[in-house]
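Structure, as structure tokens:
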Amino acid sequence: MTTSIRCLRAVAAALPLLLSACGDQNTKSPVQAPGAEKSAKTKVLEVGADVLQGKAPLRQLDMYLDGFHFYNGRMNEQMEAHHFCQKLNEDVTQCVIYDGNEAGAKIMGIEYIISRRLFEKLPAEEKKLWHSHSYEVKSGTLVAPGIPEVAEHELMEQIVSTYGKTLHTWHTDKDKELPYGGPQLMMGFTKDGQADTAMIARRDRRLGISSKENRERRADIQAPPVLPGANAWEKGEVRQFSISNQAGSHNH
Numbered sequence: 014m015t016t017s018i019r020c021l022r023a024v025a026a027a028l029p030l031l032l033s034a035c036g037d038q039n040t041k042s043p044v045q046a047p048g049a050e051k052s053a054k055t056k057v058l059e060v061g062a063d064v065l066q067g068k069a070p071l072r073q074l075d076m077y078l079d080g081f082h083f084y085n086g087r088m089n090e091q092m093e094a095h096h097f098c099q100k101l102n103e104d105v106t107q108c109v110i111y112d113g114n115e116a117g118a119k120i121m122g123i124e125y126i127i128s129r130r131l132f133e134k135l136p137a138e139e140k141k142l143w144h145s146h147s148y149e150v151k152s153g154t155l156v157a158p159g160i161p162e163v164a165e166h167e168l169m170e171q172i173v174s175t176y177g178k179t180l181h182t183w184h185t186d187k188d189k190e191l192p193y194g195g196p197q198l199m200m201g202f203t204k205d206g207q208a209d210t211a212m213i214a215r216r217d218r219r220l221g222i223s224s225k226e227n228r229e230r231r232a233d234i235q236a237p238p239v240l241p242g243a244n245a246w247e248k249g250e251v252r253q254f255s256i257s258n259q260a261g262s263h264n265h
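FYI, the numbering for the sequence shown is 14 to 265, going by the working numbering.
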């Protein structure tokens, strides 16, 4: 039996776990959005919309990854990020990032993941906005909760050579009750000693996993050298988004 077939069978066997989003290991959003409680009318409208409206794009978010980000240029500001993703093809994946995996979780941002082949073709300045996933995979800190080890291992073999561009729009890690300010460019860790070990330990305990054991199991995963241009912050090339007040020009 090939590895791919074993992987598919393992995923099929784990489908109930995937659909339950880890059961008792769920993570609540750290903030409560301000506003009045839903009215009976709103709840009825939601039920009707759920039955009658199509949700094809949402149902394609069939891959769940849990990892950690930091604000580009501010490594001490770190947080856990729950990615719900869809592979568009073998080279492009798109993810919606939440601050938890329970009902009521807030959308923190988005991440686009591309293959090494596509990253190589990006313009030099664009590459500075992207981060590698090599360390996240090899360190054992990027995980796919709920699926069997064989399936997760094969998934990580695919992710290890990819690159991500991540924007956070609602900074609930800072207890922001609303999505204040502009989007922020996020990065991933690239070596030991950068990520808050207590943060990782809390996540591991909650999910009942061990990043250390993940690292050992992934020792056989081959990680190609990180391509030039990615993780530009390591060389002092920090890029971040800001809001500017520019007067518009008018044609008469």
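Quick reminder that beta carbons are idealized off the backbone N, C-alpha and C, glycines included.
Query: With distances taken Cα to Cα, identify the nearest neighbour of A211 among E139, R231 and F81.; Result: F81
Query: Indicate the three-state DSSP secondary structure (helix, strand or coil) for D205 in the structure shown.; Result: coil
Query: Identify whether T40 lies in helix, strand or coil by the three-state DSSP scheme.; Result: coil
Query: Are there 16 or more other CB atoms within 10 angstroms of the CB of K140, so buried, or fewer, so exposed?; Result: buried
Query: Taking the alpha carbon of I123 as the point to measure from, which residue in F97, L168 and A232 has its own alpha carbon closest?; Result: F97
Query: In this structure, does DSSP put Q171 in helix, strand or coil?; Result: helix
Query: For the beta strand (DSSP E) that contains N89, what are its first and last residues?; Result: R87 to K100
Query: I'd like to know whether the C-beta atoms of Y176 and F132 end up nearer to each other than 7 Å.; Result: yes
Query: Just to confirm the assignment, what range does the alpha helix (DSSP H) spanning Y148 have?; Result: S147 to K151
Query: One question on the structure: do V44 and T185 come within less than 7 Å of each other, judged by their Cβ atoms?; Result: yes
Query: Give me the Cα-Cα distance between S17 and L168, rounded to the nearest whole angstrom.; Result: Only weak support exists for where S17 lies, its pLDDT of 48 falling under 50; the value from the coordinates is given anyway. Looking at the two C-alpha atoms, the distance is approximately 10 Å.
Query: Could you spell out the range, first to last residue, of the beta strand (DSSP E) harbouring K178?; Result: Y176 to H181
Query: Work out the CA separation of Q253 and A245 for me, nearest whole Å.; Result: 12 Å
Query: I'd like to know if the segment 221–233 and the segment 143–154 are in contact, where contact means that at least 3 CB-CB pairs between them fall below 8 Å.; Result: yes
Query: Identify the residues that DSSP records as bridge partners of I127: which are they?; Result: V105 and Y176
Query: Go ahead and label L191 buried or exposed: buried means 16 or more other beta carbons lie within 10 angstroms of its beta carbon, across all protein chains shown.; Result: exposed
Query: Note down, in chain order, each residue of its chain lying with its Cβ closer than 7 Å to the Cβ of I222, except the 5 sequence neighbours on either side.; Result: V156
Query: Let's test the definition: count the other Cβ atoms within 10 Å of the Cβ of P238 and tell me whether it reaches 16, buried, or not, exposed.; Result: exposed
Query: Using DSSP bridges, identify the partner residues of I110.; Result: H96 and G122
Query: Give me, in chain order, the residues of the same chain whose beta-carbon lies closer than 8 Å to that of I213; leave out the 5 immediate sequence neighbours on both sides.; Result: F81, T154 and S224
Query: Under 8 Å Cβ to Cβ from V251, same chain only, skipping five residues before and after it: list those, please.; Result: N85, G86 and A245
Query: Using a Cβ-Cβ cutoff of less than 6 Å, which residues in the same chain neighbour A236 once the five nearest sequence positions on both sides are dropped?; Result: S147, K151 and V173
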